[in-house]
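Protein chains: 4
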Amino acid sequence: MRIGIVGAGVQARRRLAAFRPDDRLTAISALNSGDAARLAARYRGEAVSSWLEVVQRDDVDAVIVASPPRSHADIGIAALRAGTHVLCEKPLAATSEEAAAMTTAAATAGRVLHCGFNHRLHPAVVRLREFLASGAFGPVISAMAVYGHGIRDGYESEWRCDPACVSGGQLMEQGIHLVDLVDSMLGPVDRVVAHVGRSCTLPAGLEDEAHLMLGLSGGGVAMVRSSLTQWRNRFLLEVTCRKAILRVEGLGGSYGDETLIIERRTDGPFTTELLEFRGDDQSWRREWQQFHDLVAASAHSATADDAGLRSIVIVEAAYRSASSGQWVKITDGQ
Amino acid sequence: MRIGIVGAGVQARRRLAAFRPDDRLTAISALNSGDAARLAARYRGEAVSSWLEVVQRDDVDAVIVASPPRSHADIGIAALRAGTHVLCEKPLAATSEEAAAMTTAAATAGRVLHCGFNHRLHPAVVRLREFLASGAFGPVISAMAVYGHGIRDGYESEWRCDPACVSGGQLMEQGIHLVDLVDSMLGPVDRVVAHVGRSCTLPAGLEDEAHLMLGLSGGGVAMVRSSLTQWRNRFLLEVTCRKAILRVEGLGGSYGDETLIIERRTDGPFTTELLEFRGDDQSWRREWQQFHDLVAASAHSATADDAGLRSIVIVEAAYRSASSGQWVKITDGQ
Amino acid sequence: MRIGIVGAGVQARRRLAAFRPDDRLTAISALNSGDAARLAARYRGEAVSSWLEVVQRDDVDAVIVASPPRSHADIGIAALRAGTHVLCEKPLAATSEEAAAMTTAAATAGRVLHCGFNHRLHPAVVRLREFLASGAFGPVISAMAVYGHGIRDGYESEWRCDPACVSGGQLMEQGIHLVDLVDSMLGPVDRVVAHVGRSCTLPAGLEDEAHLMLGLSGGGVAMVRSSLTQWRNRFLLEVTCRKAILRVEGLGGSYGDETLIIERRTDGPFTTELLEFRGDDQSWRREWQQFHDLVAASAHSATADDAGLRSIVIVEAAYRSASSGQWVKITDGQ
Amino acid sequence: MRIGIVGAGVQARRRLAAFRPDDRLTAISALNSGDAARLAARYRGEAVSSWLEVVQRDDVDAVIVASPPRSHADIGIAALRAGTHVLCEKPLAATSEEAAAMTTAAATAGRVLHCGFNHRLHPAVVRLREFLASGAFGPVISAMAVYGHGIRDGYESEWRCDPACVSGGQLMEQGIHLVDLVDSMLGPVDRVVAHVGRSCTLPAGLEDEAHLMLGLSGGGVAMVRSSLTQWRNRFLLEVTCRKAILRVEGLGGSYGDETLIIERRTDGPFTTELLEFRGDDQSWRREWQQFHDLVAASAHSATADDAGLRSIVIVEAAYRSASSGQWVKITDGQ
């Protein structure tokens, strides 16, 4: 495919590194024009001066929206209207209203709108999803999930701490991965109660800590912690089923070896099965392949963009719960 | 000391096995008179026909109340009024009103009323408490705790599933250990939101699953899971501080090796310290020594019986939250 | 059975604690007559003044020889000649000549001579043996085994450091468990090369460190380390087969949770199976049951006493190798 | 530096990826001229038709010898005589005679000859070496090391199984890393006894299994296993000192997270410290920097090329021991 990219940061580089041999960068724009120029040179694309140019070019089949969240809706909707497919980084938009408008635009245009939830494609998570879908271990009773890392020096001056760029803190930016995994694998989520806090010196309104209890429509509960005070990168997703406990720990790299642990229900001795997925992070490459498949199916990717919308709906409900001190219901569709 | 015991089940046997050489069983009673007789024979005490006899004997300095919770208040108050000290198994009573009455009775009688929270005396927990108290790792930001085991065959016919014996399910009976640890080490707890459920076939009103978020007066949050569907005995108490994460895993025996893990905040490499406390469970012996010390101090043990009362107050608040769908405040004193 | 015991130390107490309900201590003797008297009182047997009395009494069906190794042969042979069965602690005797004489005495008398290798009865080892015997994982290629603990204060004044009591150091006393396991499960062993050393201040001739390479008749090799400088109790037995690696780690208690780990040969992801055997050490009870079974079969236990003899033959060969600097062949029978 | 490379396989690619910004590939040759051409194109160097051209060019300051071992001596000596510095992959040469000749050539030419033992630069190994050098944990008593992986499909047809390319099997090719680490960190090694075997279908004379006992001049012993039947990539280097046990496990990537574990000698509870070095393998980059430093010092790198020679001397002694069934002494210098 011929790809345009808006943004030239970490995510743009990750996406470029995951290109298939038949992909080609045609145009790239970014607020930091120097970064855009460098990537353009390296990948033999053209650096252009505005995202509008990127989405309106004839030689762009799909646009990767890798700019800060507050710009997603404008860019995504323009790209979809221009007839390109869109892979947009999470969160899909700054608000659920914007996310819904993007989803509608994709449906109207008949183009793929895919929200980048690469964690779904981590091999341990893929395997977990397969086990759960198979029903081999019985229904889900409870879950516990942790995603966090230690705040880094200078974090306060990054765009993630700029209310002009983002509409939420650690929960909206990173915890949303867990929200999506719980909702799509264990849910749907039908209500939430939450506590959000600021332990580090972030700007008002941007939480660095979130603790959620997510009610699952099947009756179970998922406890979720998303945090900037984890002090080392950590990913945990543990699911208690009727016949076993399944646990994903680690994502490789700085998160430690990626492992799926299955503790089967027994009278003893306790039997545990470990699946270790060592080596490089393949999730970006796999998600990109998935995007290709969606485009090839020429179909509007209902599942995928619902995920982008639903995850924001749930995070917003969590924010409301943190204010009201009550469980907040997730209303249908949103 | 000369000890009377009410009850002849697992707890009675554990308490007897933890006696000091200068302790002597003088009287024991139990609903199951055969069990009482057997223990009396083995430990050279006298089996008597009612708990009233136990608490009223002249040769009893202290009474261990190891009968089901609904009988605790009557027995405990009678014993305190008779001038004996009391070590009462958790939960201290069936309700917070009863627990408050016991606490008052102890104060009036000037006798020790100690609620049996032996988990406080597990060496890894003791060390964790010391670390937290030292302030070396900074203030507490967040905590996560899991206590559970798999439901055993025939559990439905045990007294723990009999509403005539107990006033709550897994949370009141086992999760209360975590509630006490969080409240006494990380708290005080000032509010709670909870979900309780029944995944196994327990009688109505007796939960086998509880998920709690406990608000800490210092601003942090503790997420707690107490469950009968853990499938293997598990104990986890993880505390995130400003400078480190501290984690107790295992309690020895069927819970796996008891370990205190300290993950220090670093830029890398990640440094982790493990303290392994292998060997037999010493908590019963240490708690018994603690009771001796309290008695020796001839003091009313304000701390200890407050713990018995407070933990029930919090559990009851959790039950109310599970009904109302709201955070429930822990009111002062109770 | 009616049991006589020679010795009143740790082993005597362990054996008594493992008695079946139908077993009865009739007579016990020990160099330390106070210890013998105490055990006699506790278990309602009679303390007698010499081991000769124990083995010659009419009311003794079986004798447990739990005295230091240099006394084993005299006591064991006398007991067998007196018509009792014998369970003798390892090493079976001080020398292979003595061990062979005991074995001959048992055959002549038609009585059971069982050498106490309780490690065979640890559940993880039992399971490992079953897996190996099943052939499911293909032939054994290599093995690695570690058994050790840290030297304790005052060790130098224990009988294990007294050449009048023992005929070898850590290898003969503790490493012999590994030698037996390798020989009986992975072997037979047909040659050995060894290094023995003294890192701590033990008497001349009593090694505190032994490193062995054991040649297996099937072509593989086992590397063994037995040591007093392990600094914490450790047990490891790892076997590489054609299709998997199997590893026993821990023995419970101060050795850490007992675990059998199976790493299957795969192209990835790596799959590992853990079997955890938590709880008390059952090996003494199971070995005692095994002894009962042997006696009940009224058979001379060829397997068992061969093990006692063979293990000493191999240890002696290791000592010779350590002197000569060469591989030493294990000659047939011994 | 201006770099010439002989060889265009995995090692050549690794070395190129570790170049500093001020390094430049000028010439590359390989038996597989297509591979050389591809690397030349990618790194903007020139593909030439013979290694002789590479070593004789004017625009080459240093030569990386990344061809099979039997070609190392010819290439390395020619390069050194031509006045270039040499980084040569391990084993330094096919025989100790060749390795000695290379070492002599480097001394004569006054050029750096560095044998590529990148494992020394893994951060956990670096930290282990520092701890040992500090003396903080007392003298080394014993060591145990394992390095292995599972044989891959088609291995038999790789150059590692071609006696025209290599002079040894898994020990010479991979185990030599452990030999070097033991010799340089724990040694020097003064004698060896070994068993080598062929469990897989490799050509005669090329072992896929080696078990070594290495005598350390300080009195301790190191047991080493190098194997193609480990079934998953594994690296273990455990050192028992007087006051602690130190253990490197994993090398990152397919070997699992790289960890340095320190088990301190205590009376209990057991204290263990873990240092985790997560993320990418930095050893190649660090070794390359080390080579730069050696060149900058304009010094003949005595230490480094001794290592290349010594490690082969020890491996050859191990082969002789495997034939003779005796300990073989490592003679001085070689």
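Residue numbers (my numbering), protein chains in the order written: chain A, 65 to 398; chain B, 65 to 398; chain C, 65 to 398; chain D, 65 to 398.
Don't be surprised by glycine CBs; every beta carbon is placed ideally from N, CA and C.
Taking Cβ positions only, does residue i come closer than 8 angstroms to chain C?
i             : result
residue 299/D : no
residue 212/B : no
Near residue i, which residues of its chain fall below 7 angstroms by C-beta distance, leaving aside the five closest residues on each side in sequence?
i             : result
residue 205/A : 284, 304, 305, 306
residue 233/A : 266, 270, 271, 272
residue 255/A : 279, 391, 392, 393, 394
residue 203/D : 282, 305, 306
residue 10/B  : This structure cannot settle anything about residue 10/B, because the visible part of chain B is limited to 65 through 398.
residue 308/A : 201, 326, 327, 328, 329
Flag residue i as yes if its beta-carbon sits less than 8 angstroms from any beta-carbon of chain B, otherwise no.
i             : result
residue 102/C : no
residue 342/C : yes
residue 387/A : no
residue 239/C : no
residue 404/A : Outside the modelled stretch of chain A, which goes from 65 to 398, sits residue 404/A, for which no answer is possible.
Name the chain D residues whose beta carbon is nearer than 9 angstroms to that of residue i?
i             : result
residue 181/B : None at all; the shortest Cβ gap to chain D is about 21 angstroms.
residue 285/C : 259, 261, 273, 275, 289
So which residues of chain C does residue i contact, with C-beta pairs closer than 8 angstroms?
i             : result
residue 313/A : Neighbours of residue 313/A on chain C: none; closest Cβ ~13 angstroms, over 8 angstroms.
residue 155/A : Simply none; closest approach about 31 angstroms.
Compare the C-beta of residue i against all C-beta atoms of chain D and say whether one is closer than 8 angstroms.
i             : result
residue 90/C  : no
residue 279/C : yes
residue 78/A  : no
residue 187/B : yes
residue 395/C : no
Indicate whether at least one CB of chain A lies closer than 8 angstroms to the CB of residue i.
i             : result
residue 269/D : no
residue 290/B : no
residue 309/B : yes
To which residues of the same chain is residue i closer than 6 angstroms at the C-beta, ignoring the five residues directly before and after it?
i             : result
residue 149/C : 126, 175, 176, 359
residue 79/D  : 128
residue 88/D  : 66
residue 275/B : 259, 289
residue 382/B : 256, 258, 276
residue 169/B : 141, 144
residue 70/C  : 93, 115, 118, 129, 131, 139
Note down, in chain order, every chain B residue with its Cβ under 8 angstroms from the Cβ of residue i.
i             : result
residue 320/C : 321, 340, 342
Is any heavy atom of the ligand NAD found at a distance shorter than 7 angstroms from the C-beta of residue i?
i             : result
residue 252/D : You won't find the ligand NAD in this model; it holds no ligand whatsoever.
Using a C-beta to C-beta distance shorter than 7 angstroms, which residues of chain C count as neighbours of residue i?
i             : result
residue 317/B : 342, 343
Which residues in chain B have a C-beta closer than 9 angstroms to the C-beta of residue i? List them in chain order.
i             : result
residue 390/A : 257, 388, 389, 390, 391
Output, in chain order, the set of chain A residues within a Cβ distance shorter than 7 angstroms of residue i.
i             : result
residue 329/B : 214, 295
How would you list, in chain order, the residues of chain A whose beta-carbon sits under 8 angstroms from the beta-carbon of residue i?
i             : result
residue 304/B : 291, 293, 294, 295
Tell me which residues share the same chain as residue i and place their Cβ nearer than 8 angstroms to its Cβ, disregarding the 5 neighbours each side in the sequence.
i            : result
residue 81/B : 348
**Q.** Runs of alpha helix (DSSP H) wholly within the region 336-375 of chain B (minimum 4 residues, chain order)
**A.** 347-360
(Q) Extract the residue ranges of the alpha helix (DSSP H) inside the region 86-117 of chain D, only unbroken runs of 4 or more that lie entirely within it. (A) Within the region 86-117 of chain D, the complete alpha helix (DSSP H) runs of at least 4 residues are 97-107.
**Q.** Residues in the region 332-361 of chain B having any Cβ partner in chain D nearer than 9 angstroms
**A.** Correct list: 332, 333, 334, 335, 336, 337, 338, 339, 340, 341, 342, 343.
(Q) By the 7 angstroms beta-carbon criterion, what residues does the region 112-143 of chain D contribute toward chain A? (A) none
**Q.** Against chain C: residues of the region 241-275 of chain D by CB proximity under 9 angstroms
**A.** 255, 257, 258, 259, 261, 263, 273, 275
(Q) So within the region 235-295 of chain B, which uninterrupted beta strand (DSSP E) runs reach at least 3 residues, ignoring any that extend past its ends? (A) 253-261, 273-280, 285-291
Q | beta strand (DSSP E) runs contained entirely in the region 140-164 of chain A, provided each spans 3 or more residues | A | 149-153
Q. What residues in the region 190-206 of chain C bring their beta carbon closer than 9 angstroms to a beta carbon of chain D?
A. 203, 205, 206
Q: With 7 angstroms as the C-beta to C-beta threshold (strictly closer), list the residues of the region 222-235 of chain B near chain D in chain order.
A: none
Q | Under 8 angstroms (Cβ pairs) to chain A, residues found in the region 159-176 of chain B | A | none
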